[in-house]
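Taking it in order: structure first as structure tokens, then the write-up.
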Amino acid sequence: MGNIEKQDLFKQIMGNYPTGVTILTTTKEDGTPVGLTVNSFASVSLDPLMVLWSIDHKVSSLEAFTKGGKFAVHVLAGEQQELCKTFASKVEDRFANCQWELSENGLPIIEGAFGVFECKTFQTIEAGDHTILIGEVLDLQADTTKEPMLYHRRCFGSVPPVFYEPVHSPS
Numbered sequence: 001m002g003n004i005e006k007q008d009l010f011k012q013i014m015g016n017y018p019t020g021v022t023i024l025t026t027t028k029e030d031g032t033p034v035g036l037t038v039n040s041f042a043s044v045s046l047d048p049l050m051v052l053w054s055i056d057h058k059v060s061s062l063e064a065f066t067k068g069g070k071f072a073v074h075v076l077a078g079e080q081q082e083l084c085k086t087f088a089s090k091v092e093d094r095f096a097n098c099q100w101e102l103s104e105n106g107l108p109i110i111e112g113a114f115g116v117f118e119c120k121t122f123q124t125i126e127a128g129d130h131t132i133l134i135g136e137v138l139d140l141q142a143d144t145t146k147e148p149m150l151y152h153r154r155c156f157g158s159v160p161p162v163f164y165e166p167v168h169s170p171s
């Protein structure tokens, strides 16, 4: 199997792996907020609290995230589909159509997310065409009245109610 075929199969497998959806935010040196939609997000440690995500080297905000020293991870709520699309698009001012404010940690926090982790960068790791950012959680919040967003096969939405039905063992 050639490299192109392997990459296509890799994308097919990963596209069929259900994940949550996040928006990562930070600020440029001049204080301008930047953000992007990311599904490469995972927990790392409970003591201390740490998370990780990865950013493509082609992304225009790469330097703001890798050199800024801090970032916020917004675990999107199921109803934030338009926001997800906006932050995944080439739109220049992605913050124009959402409510947000700077936190005490100086991070742009978007309203309405299921959960938010405010992090200081603990470590960056070069890995192929991406950089992995590990963040130590400084502050976190959650709105547990909301359902988180789920991404699967290039579609996203709320977690289906069937996920919450009791599992019955075969008799």
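Letter by letter, the sequence shown follows residues 1 to 171 of our numbering. A virtual CB, placed ideally from N, CA and C, is assigned to each residue, including glycine.
C-beta contact flag for residue i and residue j at 7 Å
| i | j | result |
| --- | --- | --- |
| Ala72 | Ile125 | no |
| His74 | Ala42 | no |
| Val38 | Thr22 | yes |
| Ser158 | Glu147 | yes |
| Gly115 | Val51 | no |
Through-space distance from residue j to residue i, alpha-carbon basis
| i | j | result |
| --- | --- | --- |
| Glu29 | Ser60 | 14 Å |
| Gln80 | Tyr17 | 20 Å |
| Asn3 | Gln12 | 14 Å |
| Phe10 | Glu118 | 31 Å |
| Thr26 | Pro160 | 31 Å |
| Val44 | Gln123 | 12 Å |
| Thr86 | Asp93 | 9 Å |
| Thr121 | Lys70 | 5 Å |
| Glu20 | His152 | According to the sequence as given, residue 20 is Gly; it is not Glu. Those two C-alpha atoms are separated by around 9 Å. |
Bounding residues of the alpha helix (DSSP H) (the contiguous stretch that carries residue i)
| i | result |
| --- | --- |
| Leu62 | 62 to 67 |
| Gln12 | 3 to 15 |
| Ala88 | 81 to 88 |
Buried versus exposed, by CB contacts within 10 Å (16 or more), residue i
| i | result |
| --- | --- |
| Cys155 | exposed |
| Phe163 | exposed |
| Leu36 | buried |
| Met149 | buried |
| Ser68 | With the sequence shown as reference, residue 68 is identified as Gly, and Ser is not the correct amino acid for it. Buried. |
| Gly31 | exposed |
| Leu46 | exposed |
| Leu24 | buried |
First and last residue of the uninterrupted beta strand (DSSP E) at residue i
| i | result |
| --- | --- |
| Ala142 | 130 to 142 |
| Leu46 | 41 to 46 |
| Asp56 | 49 to 56 |
| Phe95 | Neither: Phe95 is in no beta strand (DSSP E) and is coded neither H nor E. |
| Thr145 | Segment: none, Thr145 is in no beta strand (DSSP E) and carries neither H nor E. |
| Lys28 | Note, Lys28: premise wrong, no beta strand (DSSP E); not H, not E. |
| Ser158 | 155 to 158 |
| Leu36 | 33 to 38 |
| Gly115 | 115 to 127 |
Residue-chain proximity (residue i, chain D), Cβ-Cβ < 7 Å
| i | result |
| --- | --- |
| Asp139 | Absent from the structure is chain D; it holds one protein chain and no more. |
Exercise for the section: Determine contact between the stretch 50 to 65 and the stretch 129 to 136, defined as no fewer than three beta-carbon pairs at a distance below 8 Å. Expected result: yes
Exercise for the section: May I ask you to verify whether the stretch 85 to 100 touches the stretch 133 to 150, counting CB pairs closer than 8 Å and requiring at least 3? Expected result: no
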